[in-house]
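Novice:
In the numbering used here, the protein residues as written are 2 to 392.
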């Protein structure tokens with residue numbers, strides 16, 4: 002049961018993906034079949050108009066009804082059409098991008114097909130070649146002649162050309178929709194993960210707060226007890242009786258014992274003081290870590306302060322721990338007089354410590370890490386530089 006519940010989100014994602022894919026494929030197949038049918042109908046209409054022109058082209062010159070059909074049906078349509086004679090000379094064209102008045106009748110009749118045509122006529126002939134690549138030309142017969150009088154060259158209607166791009170446009174829209182959906186999903190997932198990490202960091206800071214406060218309290222109690230012990234070991238209390246005259250030797254022995262006692266107490270007090278100092282440093286360190294975690298995901302609280310003491314404190318922290326790393330590393334410091342800057346002390350110290358740690362890790366057995374703070378007058382900014390000799 003637990004395993005099936007754990008796999009439920011994965012199954013839901015797979016179901017949504019497959020369902021979306023099936024819906025998109027079905028919609029695309031339906032629209033493609035519809036576009037194909039409309040395209041076939043458009044091609045049939047184009048063939049019909051072209052054959053009508055081929056059959057009635059000559060009769061339209063003397064039949065007013067056919068002339069009316071040419072004027073009201075053929076010319077207003079968007080079917081590209083060119084009529085040529087047997088030699089390939091165009092004498093009528095519509096919807097090919099070349100106006101009929103661009104080429105004169107005399108220029109066409111005087112042109113020898115075996116020679117290069119004039120520029121304007123060349124445009125018409127290029128369109129004829131393009132139309133022939135789309136559809137085969139239809140022959141025009143005059144009366145009972147078996148030899149064609151001319152040819153009808155035609156292409157496809159504008160609707161057919163536009164319909165050809167509908168599946169591509171649909172695919173593009175679907176791809177954009179899928180990309181936006183995926184980007185939104187990733188954004189939501191990233192936001193959820195960020196919220197989880199922010200909550201975890203804040204909860205960690207909250208959990209660290211209790212033992213840190215307790216540790217700080219115990220340190221204060223130990224310091225008070227140590228001060229009381231040192232005060233009690235300072236000598237005999239005021240008003241104490243002097244030793245008897247006959248007991249000089251015993252008094253000297255007692256004085257030696259009393260002198261040895263305070264000496265041991267002082268040594269023990271110094272040792273405890275050192276331990277307390279280290280414990281206090283570690284407690285302060287834990288407190289800084291808790292403050293850093295508590296600021297994750299929140300806007301930093303900026304104050305105006307000098308960055309040099311912050312950098313120097315981070316360097317001192319790592320310098321005390323260099324002997325434990327078994328590396329011969331020297332940290333050289335160079336600080337200029339810099340103006341105060343707007344910063345968050347905990348976060349900027351965290352950044353500097355991470356850079357110093359990376360520099361120490363990058364340095365092998367020995368080396369020098371140079372840490373400096375300079376004032377860039379040309380840009381009015383303070384620059385913290387940390388350079389190492391590592392890999």
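Ideal Cβ placement from N, Cα and C applies to all residues, glycine included. It should be emphasised that the depicted structure is a prediction, and the values quoted were computed from it without experimental measurement.
Can you give me the Cβ contacts of residue 336 inside the same chain, cut-off strictly under 8 Å, excluding the 5 residues immediately before and after it?
Specialist: 309, 312, 313, 373 and 374
Novice: If you follow the beta strand (DSSP E) that residue 329 is in, where does it begin and where does it stop?
Specialist: 329-336
Novice: Can you grab the Cα-Cα spacing for the pair residue 377 / residue 383, in whole Å?
Specialist: Whole-angstrom Cα-Cα distance: 6 Å.
Novice: Can you tell me whether residue 80 is buried or exposed? The criterion is at least 16 other CB atoms within 10 Å of its CB, across all chains shown.
Specialist: With 16 or more other CB atoms across the displayed protein chains lying within 10 angstroms of its CB, residue 80 is buried.
Novice: Flag this pair as yes or no: are the beta carbons of residue 86 and residue 156 separated by less than 8 Å?
Specialist: no
Novice: Using a Cβ-Cβ cutoff of less than 6 Å, which residues in the same chain neighbour residue 388 once the five nearest sequence positions on both sides are dropped?
Specialist: 371
Novice: Kindly indicate the opening and closing residues of the beta strand (DSSP E) around residue 306.
Specialist: 304-306 is the span of the beta strand (DSSP E), which, as asked, contains residue 306.
Novice: Closest Cβ-Cβ distance between residue 133 and chain D: below 8 Å?
Specialist: This model lacks chain D altogether; it includes just one protein chain.
Novice: What does DSSP give as the partner residues of residue 384 in its beta bridges?
Specialist: 375
Novice: By Cβ distance, which residues of its chain are closer than 7 Å to residue 171, with the 5 residues on each side in sequence left out?
Specialist: 29 and 32
Novice: Over what stretch of residues does the alpha helix (DSSP H) that includes residue 110 continue unbroken?
Specialist: First-last of the alpha helix (DSSP H) with residue 110: 106-110.
Novice: I'd like the list of long-range same chain contacts for residue 39, defined as Cβ closer than 7 Å, with 5 residues on each side in sequence excluded.
Specialist: 164
Novice: When you compare each of 381, 327, 390 and 220 to residue 363 by their alpha carbons, which one comes out closest?
Specialist: 390
Novice: So, do the segment 133-141 and the segment 93-104 have three or more beta carbon pairs nearer to each other than 8 Å?
Specialist: no
Novice: Indicate whether residue 227 and residue 284 have their beta-carbon atoms separated by less than 8 Å.
Specialist: no
Novice: Tell me where the beta strand (DSSP E) around residue 91 begins and ends.
Specialist: 91-95
Novice: To the nearest angstrom, how far is it from the Cα of residue 240 to the Cα of residue 230?
Specialist: In this predicted model, residue 240 has a pLDDT of only 45, less than 50, meaning its place in the structure is not dependable enough to derive any value.
Novice: My assumption, with CB atoms under 8 Å, is that residue 332 sits in contact with residue 367. Please give the rounded CB distance.
Specialist: Contact doesn't hold; Cβ gap of about 12 Å is too wide.
Novice: Using DSSP bridges, identify the partner residues of residue 154.
Specialist: 83
Novice: In the DSSP output, which residue or residues are listed as bridge partners for residue 368?
Specialist: 330
Novice: Let me make sure I understand the geometry here. Which of 36, 281 and 341 has the alpha-carbon closest to that of residue 304?
Specialist: 341
Novice: Smallest Cα separation from residue 222: which of 343, 281, 168 and 202?
Specialist: 281
Novice: Specify the secondary structure class of residue 248 as computed by DSSP and reduced to three states.
Specialist: Low local confidence applies: a pLDDT of 49 at residue 248 is under 50, so the model's placement there is unreliable, with the coordinate-based value given in what follows. Of the three classes helix, strand and coil, the one that applies to residue 248 here is helix, per DSSP.
Novice: Name the residue from 325, 316, 379 and 213 whose alpha carbon lies nearest to the alpha carbon of residue 356.
Specialist: 316
Novice: Note the first and the last residue of the continuous beta strand (DSSP E) segment covering residue 342.
Specialist: 342-344
Novice: Using DSSP with H/G/I as helix, E/B as strand and the rest coil, what is residue 103?
Specialist: Note: residue 103 maps to helix in three-state DSSP.
Novice: Pick helix, strand or coil for residue 30, following the three-state DSSP scheme.
Specialist: It is helical.
Novice: Let me know the secondary structure DSSP gives residue 140 once reduced to three states.
Specialist: strand
Novice: Keeping to the same chain, check which residues put their C-beta closer than 7 Å to that of residue 360; ignore five residues upstream and five downstream.
Specialist: Non-local beta-carbon contacts of residue 360 in its own chain, meaning distances under 7 Å to residues more than five positions away in sequence, involve 370, 387, 389 and 391 in chain order.
Novice: So, helix, strand or coil for residue 284, using DSSP?
Specialist: helix
Novice: Can you tell me whether residue 316 is helix, strand or coil according to DSSP?
Specialist: helix
Novice: By Cβ distance, which residues of its chain are closer than 7 Å to residue 149, with the 5 residues on each side in sequence left out?
Specialist: 87, 140, 141 and 142
Novice: Should residue 90 be labelled buried (16 or more other beta-carbon atoms within 10 Å of its own) or exposed?
Specialist: buried
Novice: How many Å lie between residue 238 and residue 291 at the Cα?
Specialist: Only weak support exists for where residue 238 lies, its pLDDT of 45 falling under 50; the value from the coordinates is given anyway. About 46 Å.
Novice: Could you give the DSSP three-state label for residue 182: helix, strand or coil?
Specialist: helix
Novice: Assign residue 192 to one of three DSSP states: helix, strand, or coil.
Specialist: helix
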